């Protein structure tokens, strides 16, 4: 995977994270934000960060 592809994937993760937060705030589901970030987003960020290094 090229650096450009990795950066595109990282951008996709950021966009998805933003969408999760926006929807969760709209419905006042703050616990969902925390759970989603901890369970789904953090591992992806760790993986893509490791891939970029």
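In the numbering used here, the protein residues as written are 15 to 67. Glycine included, every Cβ here is placed at the ideal spot set by N, Cα and C. Computed from a predicted structure; not experimentally measured.
Setting aside the 5 residues that flank it on each side, residue 50 is surrounded in the same chain by 34, each with a C-beta closer than 6 Å to its C-beta; the list follows chain order. Looking at the backbone, the Cα of residue 47 and that of residue 57 are separated by about 15 Å.
If you draw a straight line from the Cα of residue 40 to the Cα of residue 30, it comes to about 15 Å. DSSP places residue 16 in the coil class of the three-state scheme, outside both helix and strand. If the five residues before and after residue 24 are omitted, its C-beta is found closer than 7 Å to the C-beta atoms of 62, all from its own chain and listed in chain order.
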